[in-house]
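J.: Using my numbering, read the sequence shown as starting at 2 and increasing by one per residue.
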Amino acid sequence: MDYNFYRKNFEEAIEDVFFIQFDQLCFKLSVEEVLDSVALKIYKPEWTNDFESPLNSKSKIFFFDLDK
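#1: Is it true that the CB of Ile43 sits closer than 9 angstroms to the CB of Phe20?
#2: Please check the pair Asp37 and Met2, which I expect to be a contact at CB under 8 angstroms, by giving their CB distance rounded to whole angstroms.
#3: What do you get for Ala14, buried or exposed, if any count of 16 or more other CB atoms within 10 angstroms of its CB means buried?
#4: Could you tell me which residues DSSP pairs with Ile1 in its beta bridges?
#5: What number of angstroms, rounded off, separates the C-alpha of Leu30 from the C-alpha of Pro46?
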């Protein structure tokens, strides 16, 4: 899988998102490598038990699509 290609596309997608609406809803955005995929994560820090590091917490809610 070409991680750089997908990471670049996801990061470009983030630039097109209406950040004001996300900020009002307290959503955060992140592009991460998950297993054998690149994921665009949309999350709220309170969706985890580890408020200091929500992206690295063992308990969290996020959705991703695996490259098939």
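All C-beta atoms, glycine included, are put in the ideal place defined by N, C-alpha and C.
T.: According to the data block:
#1: For the purposes of this step, residue 20 is taken as residue 19 along the sequence shown, with counting starting at 1. For the purposes of this step, residue 43 is taken as residue 42 along the sequence shown, with counting starting at 1. No; because the gap between Cβ atoms is not below 9 angstroms, this pair is not in contact.
#2: Within the sequence shown, numbered from 1, the residue matching residue 37 stands at position 36. Within the sequence shown, numbered from 1, the residue matching residue 2 stands at position 1. At roughly 6 angstroms, the Cβ-Cβ gap stays under 8 angstroms, so Asp37 and Met2 are in contact.
#3: As a working note, residue 14 is residue 13 in the sequence shown. Classification of Ala14: exposed, given that the 10 Å Cβ count is below 16.
#4: Since the first and last residues shown for the chain are 2 and 69, residue 1 lies out of range.
#5: Within the sequence shown, residue 30 is the residue found at index 29, counting from 1. Within the sequence shown, residue 46 is the residue found at index 45, counting from 1. Rounded to whole angstroms, Leu30 and Pro46 show a C-alpha spacing of 11 angstroms.
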